[in-house]
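Okay, so here's the structure we're looking at.
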Amino acid sequence: MGGVFAFTNPSNDEPSFLLQPAAGTYLAYSGVCTHQGCTVGYDQASNEFSCPCHGARFDGTTGDVTRGPAKTPLAKLAVTSSNGSIYLV
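Using the UniProt record's numbering, read the sequence shown as starting at 1 and increasing by one per residue.
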């Protein structure tokens, strides 16, 4: 629990993140800032994604913008788990 895994989305070759906020719960987001397309990083201490280009921040649980200049949330990726494996759908 509390783990974060950075990966390349196989459907579009974009950086992405998989988070496990609680046992059996998985969230995935695009790692591309919605402001100008820079790659965001994840800070586990604050549970936020941050963009190094212009300082935008996004909530790590919802992907919502917490600080501009971005106005649009990070794209949420659909995930499912089955028999101990996690899949993008």
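Just so you know, even glycine gets a beta-carbon here, dropped at the ideal spot from N, CA and C.
Taking 7 angstroms as the limit between beta carbons, can you name the residues of its chain near Gly60, skipping five residues before and five after? Within the same chain, Gly60 has close Cβ partners Leu19, Tyr42, Asn47, Glu48 and Phe49.
Identify whether Ser82 lies in helix, strand or coil by the three-state DSSP scheme. Strand, per DSSP.
State the Cα-Cα distance for the pair residue 90 and Tyr26, rounded to the nearest angstrom. Because the chain spans 1 through 89 in this model, residue 90 falls outside it and cannot be assessed.
Measure the CB-CB distance between Leu88 and Tyr29 and report whether it falls below 7 angstroms. No, Cβ-Cβ distance for Leu88 and Tyr29 is not below 7 angstroms.
Alpha-carbon spacing of Glu14 relative to Ala78, whole angstroms: 15 angstroms
Keeping to the same chain, check which residues put their C-beta closer than 6 angstroms to that of Thr34; ignore five residues upstream and five downstream. Ala70 and Thr72
Classify Lys76 as helix, strand or coil using the three-state DSSP reduction. DSSP places Lys76 in strand when its eight states are reduced to three.
Chain-order list of residues whose beta-carbon lies under 8 angstroms from that of Gln36 (same chain, five-residue window excluded): Cys53 and His54
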